[in-house]
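Numbering (the UniProt record's numbering), first residue to last: 1 to 470. Don't be surprised by glycine CBs; every beta carbon is placed ideally from N, CA and C.
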DNA sequence: CGACCCAGAT
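Written as structure tokens, this is what we have:
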């Protein structure tokens, strides 16, 4: 429209005018309009630039249309525009965010072959994506290849790797890598220590965690709110509220401002001490201080109220989330379902789950397994069946563990016909029985006095190549 | 530019 007006007035829009308009549209989230303008430039014979492509590519990635971005990327070369390291890093980043590490790696190789120097930003994205997807050893191989090519001087890369190790329970390897980088003369950051501290906290090694916090200072670095929050959370989990609050004091004394995460941890601590009113008060304080509670904060406090059998307040807090423009997460609903199953009324849990299903609101798989479990325990196999079906319909991967959980509970109540039914469904879905599930059924048939079916089961077990131990 | 802390768990 602006272009048309300019033309009407006899003005000639140039490349810069177009670029600015494309930027503007993209910033407003209107990538379509940006793409249209680019088309228009082409038809008017303008030379397109790498920059305008980068803007469009990053906007497409931002709204999750990575594949469209890839198409546009390959168009670039046809129009005689050479991609640079920025273009590549945008795409690599976008692909990694979508979990498509393999495609990202291909682009990375392409970059190498064109002798475009990769920046640590794209390497970091790949490394992070590999770690988050559980491919820790692949991540390490990738990091080693960077080291070999002398491309790994950035501490952030090591931080990602160290954290990857820690998150997958391999604290030993994380410590080894930490020692390696210090030997190499690469200076760690507080983030490096935060990951290590997290690892030691997970193992409840508070001594080592605190020693590392000292090391931060010895190296002339400062602990951050993350450092404190990590430790505070560990103490909270350990039931050591005194140490948690002491750390809060220390934080204050050192002039480190708590974040909304810190507050969430404190709220959890207060709930543990059954100081629910104070917890609610703290939620208020957060808002006053401008530290807005997030979904996790609410999920935490909602769960606390559920455990205190105060379901009413739990739902009140759910409502408060909406009022504060916080969309409840699938976890929020799972917590409430669990609360109703364990501490409230199972019928209400049914109602809530069906309501959410009708509203097309997503639930976690835990939400489903929770209610299935509750019905099995109560012996309402009909309901258990129904929700099991629903869980399948929702596209959740059903593993042998899910079947085992249900069958075990039914066996305990000698509901053998029903247990057998679930077993048949499992076989029907192509899941092979394992030792555990066969033994559970065999034992149950014996316990419940159905010897004949027991023999049938035994035959099936042997046929499956699983020898019953005895 | 980014990496680290809080909720759900059979």
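Under the DSSP assignment, residue 97 falls in the alpha helix (DSSP H) whose first and last residues are 85-97. By the Cβ criterion, the region 353-373 is not in contact with the region 311-324, since fewer than three pairs of Cβ atoms, one from each stretch, lie closer than 8 angstroms. Residue 350: member of the alpha helix (DSSP H) spanning 346-358, first to last residue.
The shortest CA-to-CA distance from residue 447 to any of 465, 463, 410 is the one to 410. Bounds of the alpha helix (DSSP H) holding residue 278 are 276-288.
For residue 399, no alpha helix (DSSP H) encloses it, and the DSSP letter there is neither H nor E. Around the CB of residue 55, 16 or more other CB atoms lie within 10 Å, so the residue is classed as buried. Contact annotation: the region 59-67 does not touch the region 41-49, with fewer than three C-beta pairs closer than 8 angstroms.
The C-alpha of residue 83 lies about 29 angstroms from the C-alpha of residue 159.
Around the beta-carbon of residue 428, fewer than 16 other beta-carbon atoms lie within 10 Å, marking it exposed.
In the three-state reduction of the DSSP assignment, residue 163 falls in the helix class.
Rounded to the nearest whole angstrom, the C-alpha separation of residue 367 and residue 425 is 21 angstroms. In the structure shown, residue 102 falls within a helical segment according to DSSP collapsed to helix, strand and coil. Separation of residue 75 and residue 109 (C-alpha to C-alpha, rounded to the nearest whole angstrom) is 19 angstroms. Counting only runs of 4+ residues, the alpha helix (DSSP H) found wholly inside the region 389-457 occupies 400-412, 416-428, 435-447, in chain order.
Secondary structure at residue 308: coil, using DSSP grouped into helix, strand and coil. Using a Cβ-Cβ distance cut-off of 8 angstroms, the region 323-335 and the region 294-306 are in contact, since at least three pairs of beta carbons, one from each stretch, lie closer than that value.
For residue 151, no alpha helix (DSSP H) encloses it, and the DSSP letter there is neither H nor E. Comparing alpha carbon positions, the residue from 62, 392, 316 closest to residue 31 is 62. CA-CA distance, residue 198 to residue 400, rounds to 32 angstroms. The C-beta separation of residue 273 from residue 241 comes to about 6 angstroms, placing the pair in contact by the 8 angstroms criterion. Apart from sequence neighbours up to five positions away, the residues of its chain that approach residue 244 with a beta-carbon distance below 7 angstroms are 232, 235, 236, 269, ordered along the chain. For residue 152, the closest of 164, 186, 224 by C-alpha to C-alpha distance is 186.
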